[in-house]
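One line per chain: the protein sequences are A and B, in this order.
For the first sequence, the positions run 1 to 242 when full-length UniProt numbering is used.
For the second sequence, the positions run 1 to 242 when full-length UniProt numbering is used.
A short write-up of the structure that comes next.
There are 2 protein chains.
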Amino acid sequence: MADLVYQRIITSLKKAIDAGEFTDMRLPDERSLAQSYSVSRSSIKRALGLMADQGIIFKKRGSGTFVNPLYLKQDSYFNYSGKNLGITDSFKSNGQKPGIKVMSFDVIHPDKDLQGNLFLKPTEFVYAFKRLRLLDDIPFMIETGYIPIKLAPELSEQIASDSIFNYVESELGKEVNKTYLTISAAPSDQEGKDLLHLAENEPVGLMEGIFFLDDGTPFEFSTMKLHYKYFKYDSFVDLASK
Amino acid sequence: MADLVYQRIITSLKKAIDAGEFTDMRLPDERSLAQSYSVSRSSIKRALGLMADQGIIFKKRGSGTFVNPLYLKQDSYFNYSGKNLGITDSFKSNGQKPGIKVMSFDVIHPDKDLQGNLFLKPTEFVYAFKRLRLLDDIPFMIETGYIPIKLAPELSEQIASDSIFNYVESELGKEVNKTYLTISAAPSDQEGKDLLHLAENEPVGLMEGIFFLDDGTPFEFSTMKLHYKYFKYDSFVDLASK
DNA sequence: CAGTGGTCTAGACCACCAC
DNA sequence: TGGTGGTCTAGACCACTGC
Numbered sequence: 001m002a003d004l005v006y007q008r009i010i011t012s013l014k015k016a017i018d019a020g021e022f023t024d025m026r027l028p029d030e031r032s033l034a035q036s037y038s039v040s041r042s043s044i045k046r047a048l049g050l051m052a053d054q055g056i057i058f059k060k061r062g063s064g065t066f067v068n069p070l071y072l073k074q075d076s077y078f079n080y081s082g083k084n085l086g087i088t089d090s091f092k093s094n095g096q097k098p099g100i101k102v103m104s105f106d107v108i109h110p111d112k113d114l115q116g117n118l119f120l121k122p123t124e125f126v127y128a129f130k131r132l133r134l135l136d137d138i139p140f141m142i143e144t145g146y147i148p149i150k151l152a153p154e155l156s157e158q159i160a161s162d163s164i165f166n167y168v169e170s171e172l173g174k175e176v177n178k179t180y181l182t183i184s185a186a187p188s189d190q191e192g193k194d195l196l197h198l199a200e201n202e203p204v205g206l207m208e209g210i211f212f213l214d215d216g217t218p219f220e221f222s223t224m225k226l227h228y229k230y231f232k233y234d235s236f237v238d239l240a241s242k
Numbered sequence: 001m002a003d004l005v006y007q008r009i010i011t012s013l014k015k016a017i018d019a020g021e022f023t024d025m026r027l028p029d030e031r032s033l034a035q036s037y038s039v040s041r042s043s044i045k046r047a048l049g050l051m052a053d054q055g056i057i058f059k060k061r062g063s064g065t066f067v068n069p070l071y072l073k074q075d076s077y078f079n080y081s082g083k084n085l086g087i088t089d090s091f092k093s094n095g096q097k098p099g100i101k102v103m104s105f106d107v108i109h110p111d112k113d114l115q116g117n118l119f120l121k122p123t124e125f126v127y128a129f130k131r132l133r134l135l136d137d138i139p140f141m142i143e144t145g146y147i148p149i150k151l152a153p154e155l156s157e158q159i160a161s162d163s164i165f166n167y168v169e170s171e172l173g174k175e176v177n178k179t180y181l182t183i184s185a186a187p188s189d190q191e192g193k194d195l196l197h198l199a200e201n202e203p204v205g206l207m208e209g210i211f212f213l214d215d216g217t218p219f220e221f222s223t224m225k226l227h228y229k230y231f232k233y234d235s236f237v238d239l240a241s242k
């Protein structure tokens with residue numbers, strides 16, 4: 001991690017910002033930074049660009065680069081910005097006991113859609129499983145997942161009853177670190193009413209998407225149906241890139 | 001816009017992807033693209049990098065660059081993908097006629113929450129307005145917004161009946177280009193049933209958040225209540241950056 | 001081993017801002 | 001006008017994939 005030039009610079013600049021070294025909220029210009037770090041200006045630009053994406057700083061052409069006052073305030077905004085991927089992990093913090101009940105666990109051939117989503121040939125197999133997620137023994141989410149067997153040959157119902165992503169990380173040495181999610185909402189269907197104890201007028205939140213490994217391989221296609229009271233998604237959006 | 005090399009390439013590649021020119025979902029390698037567009041590989045990398053950030057493609061080191069299958073599946077509904085900030089703007093493309101009906105427009109003192117969200121002192125005033133958004137004359141969203149008067153002193157009901165962000169950009173020379181959104185869902189309340197024509201069991205999608213100016217100033221706090229059929233949010237999350 | 005994307009450099013030129 | 005960030009180039013070398 002720290003062996004990358006731009007990562008090293010980000011770490012260093014963040015530390016300097018937190019230490020309040022830029023009293024006027026203004027960072028040195030890119031050319032000076034390049035010189036003092038003994039790197040090219042391109043590397044500085046890369047580091048600053050990433051920090052701007054994260055909302056830590058903002059740049060003004062012709063004027064300079066400045067610390068985002070909101071970042072210093074350390075308000076709630078920067079604590080959770082779309083950065084919680086693993087469902088299991090995101091609940092560890094607030095004292096609630098997460099649980100998983102595996103409803104089904106099979107090996108099937110992917111249909112056309114799934115072949116496309118996971119880049120599979122029709123002849124390849126996938127694990128197909130449905131899990132009920134609990135929080136303090138209360139069900140809040142129905143999750144349907146598909147994972148190519150070639151990517152996790154040893155996957156089992158046993159493993160699925162715990163965190164699959166943690167298993168992938170610790171046992172396979174790979175990391176799930178990207179996801180493309182489509183988020184929507186709908187009236188609850190029968191399954192939702194039964195498993196999530198929803199009333200007639202209560203909706204579900206829907207999240208559907210692909211999870212990618214760090215090397216870009218599509219790892220899982222997942223559909224998540226959430227009790228609306230547990231459905232909350234935070235997102236920090238930077239339009240400057242478009 | 002089109003005078004930037006990497007923008008031109010993004011536009012061109014998007015068109016090619018939409019036209020289904022990459023039948024195996026695989027793009028040419030970066031060096032070939034550089035040659036066929038007669039640009040440097042760096043520019044190709046920049047274009048592809050931005051497209052990857054937007055979830056259009058993903059890259060696999062050592063293997064190549066591929067189209068995100070979920071990107072192809074986006075339907076023609078309202079897509080508030082992380083990349084469409086202005087609500088007004090996000091409809092220009094798909095042939096639907098956006099409309100705005102201002103329900104109320106006042107100046108008030110911010111309550112405690114709002115003071116925190118917009119960085120205000122209790123003595124400062126904000127514009128408070130409620131707008132009904134239409135699509136081809138059909139209401140789909142109720143928007144409640146708060147903007148400090150000091151940031152847009154000349155704001156009026158007249159302006160609110162059009163795009164506020166466009167006004168800010170053209171008249172005030174500032175740009176709204178970042179937002180922090182919290183997304184959730186809920187059963188429809190009376191207002192939703194009345195204004196959005198929702199049935200008893202049909203829910204609303206909720207988006208609540210702060211919009212920022214390019215210099216980091218919080219500009220607007222907004223709560224958006226959407227008809228669930230128009231509520232769809234695409235999000236590409238990269239965990240690696242933290 | 002050949003091919004792919006990732007990182008980094010050194011430097012040119014442009015566009016914008018403030019004085 | 002001088003200083004700032006933005007764009008773009010040309011090329012070197014590295015790390016990973018897949019045959």
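Where a beta carbon is used, it is the ideal one built from N, C-alpha and C, also for glycine.
Over what stretch of residues does the alpha helix (DSSP H) that includes residue i continue unbroken?
i: GLU171 of chain A; result: 164 to 172
i: ALA19 of chain B; result: Per DSSP, ALA19 of chain B belongs to no alpha helix (DSSP H) and is neither H nor E.
i: LYS150 of chain B; result: It is not in any alpha helix (DSSP H) - LYS150 of chain B carries neither H nor E in the DSSP assignment.
i: SER42 of chain B; result: 41 to 53
i: ALA34 of chain B; result: 30 to 37
i: ASP194 of chain B; result: 190 to 196
i: GLU124 of chain A; result: Counting along the chain, GLU124 of chain A falls outside any alpha helix (DSSP H), and DSSP gives it neither H nor E.
i: LEU72 of chain B; result: 69 to 72
i: LEU114 of chain A; result: 112 to 118
i: ALA160 of chain B; result: 157 to 160
Note down the Cα distance separating residue i from residue j, rounded to an integer number of angstroms.
i: VAL102 of chain A; j: LEU134 of chain A; result: 11 angstroms
i: VAL39 of chain A; j: LYS60 of chain B; result: 27 angstroms
i: MET224 of chain B; j: THR144 of chain B; result: 6 angstroms
i: PRO122 of chain B; j: HIS109 of chain B; result: 7 angstroms
i: ASP106 of chain B; j: SER42 of chain A; result: 48 angstroms
i: ASP215 of chain A; j: ILE100 of chain A; result: 28 angstroms
i: ALA19 of chain A; j: ILE10 of chain A; result: 14 angstroms
i: GLU124 of chain A; j: LEU206 of chain B; result: 40 angstroms
i: ILE142 of chain B; j: ASP194 of chain B; result: 11 angstroms
i: TYR228 of chain B; j: SER104 of chain B; result: 23 angstroms
i: GLN7 of chain A; j: LYS15 of chain A; result: 12 angstroms
i: GLY49 of chain B; j: PHE58 of chain A; result: 20 angstroms
i: LYS232 of chain B; j: VAL168 of chain B; result: 26 angstroms
i: LEU4 of chain B; j: SER36 of chain B; result: 17 angstroms
i: LEU198 of chain A; j: ASP24 of chain B; result: 43 angstroms
i: GLY209 of chain A; j: GLY209 of chain B; result: 23 angstroms
i: GLN158 of chain B; j: PHE129 of chain B; result: 12 angstroms
i: GLU191 of chain B; j: GLU200 of chain B; result: 12 angstroms
Find the residues of chain B that neighbour residue i, judging by a C-beta separation of less than 7 angstroms, and give them in chain order.
i: GLY180 of chain A; result: A quick correction: the sequence has Tyr, not Gly, at residue 180 of chain A. Under the 7 angstroms cutoff, chain B gives GLY55, ASN68, LEU70 and PHE236.
i: ILE210 of chain A; result: LEU70
Would you please state the rounded distance, in angstroms, between the beta carbons of residue i and residue j? I believe it to be under 8 angstroms.
i: LEU120 of chain A; j: PHE219 of chain A; result: Not a contact, Cβ separation roughly 12 angstroms.
i: VAL204 of chain B; j: LEU226 of chain B; result: 6 angstroms
i: residue 254 of chain A; j: PRO148 of chain A; result: Since the displayed chain A opens at 1 and closes at 242, residue 254 of chain A lies outside it and no answer follows.
i: PHE140 of chain B; j: TYR230 of chain B; result: 4 angstroms
By the criterion of Cβ-Cβ separation under 7 angstroms, what are the contact partners of residue i in chain A?
i: GLU200 of chain B; result: ASN201
i: ARG41 of chain B; result: The premise fails here: ARG41 of chain B is roughly 14 angstroms from chain A at the closest Cβ pair, so nothing lies under 7 angstroms.
i: VAL133 of chain B; result: First, the residue type needs correcting, since residue 133 of chain B is Arg and not Val in the sequence shown. By Cβ distance, chain A contributes nothing, its closest Cβ being about 17 angstroms from ARG133 of chain B, past 7 angstroms.
i: PHE231 of chain B; result: SER184 and ALA185
i: ASP214 of chain B; result: PHE58
If you compare alpha carbons, which of the options is closest to residue i?
i: PHE211 of chain A; options: A:ASP189, A:PHE125 and A:THR179; result: A:THR179
i: VAL126 of chain B; options: B:PHE140, B:GLU154, B:MET141 and B:ASN166; result: B:GLU154
i: ILE184 of chain A; options: B:LEU132, B:ASP234, B:MET141 and B:GLU21; result: For the record, residue 184 of chain A in the displayed sequence is Ser; it is not Ile. The candidate whose alpha carbon is nearest that of SER184 of chain A is B:ASP234.
i: LEU70 of chain B; options: B:LYS232, B:SER63 and B:GLY55; result: B:GLY55
i: ALA186 of chain B; options: B:SER222, B:GLU202, B:ALA160 and B:ARG46; result: B:GLU202
i: ARG26 of chain B; options: B:THR65, B:ASP113 and B:ALA199; result: B:THR65
i: VAL237 of chain B; options: A:PRO28, A:ARG8 and A:ASP53; result: A:ASP53
i: GLU30 of chain B; options: B:ASP162, B:LEU196 and B:GLY62; result: B:GLY62
i: ASP162 of chain A; options: A:PHE22, A:ARG131, A:PRO139 and A:ALA199; result: A:ARG131
i: THR138 of chain A; options: A:THR217, A:LEU196, A:PHE165 and A:ASN177; result: Sequence check: residue 138 of chain A is Ile here, not Thr. When only C-alpha atoms are compared, the closest one is A:LEU196.
i: ASN177 of chain A; options: A:ASP189, A:THR217 and A:GLU191; result: A:THR217
i: LYS146 of chain A; options: A:GLN96, A:LEU114 and A:ASP189; result: Note that residue 146 of chain A is Tyr in the sequence shown here, rather than Lys. Selected option, being the one with the closest Cα: A:LEU114.
What residue range is occupied by the uninterrupted beta strand (DSSP E) comprising residue i?
i: MET207 of chain B; result: 203 to 213
i: LYS101 of chain A; result: 98 to 108
i: ASP234 of chain B; result: 232 to 238
i: LYS60 of chain A; result: 57 to 60
i: GLU220 of chain A; result: 218 to 227
In chain B, what lies closer than 9 angstroms to residue i by C-beta?
i: PHE6 of chain A; result: The displayed chain sequence assigns Tyr, not Phe, to residue 6 of chain A. In chain order: nothing, as chain B lies at least about 11 angstroms away.
So residue i contacts chain A; which residues on that side make the cut at Cβ distance below 9 angstroms?
i: TYR228 of chain B; result: SER184, ALA185, ALA186, PRO187 and PRO203
Give the interface partners of residue i over in chain A, defined as CB-CB distance under 8 angstroms, in chain order.
i: LYS225 of chain B; result: Going along chain A, no residue has its Cβ under 8 angstroms from LYS225 of chain B, so there is no contact; the nearest lies around 11 angstroms.
By the criterion of Cβ-Cβ separation under 8 angstroms, what are the contact partners of residue i in chain B?
i: ASN117 of chain A; result: PRO69 and LEU70
Consider the C-beta atom of residue i and the heavy atoms of the ligand ADP; say whether any pair is separated by less than 6 angstroms.
i: LEU33 of chain A; result: Annotation note on the ligand ADP: not contained in the displayed structure, which lists no ligands.
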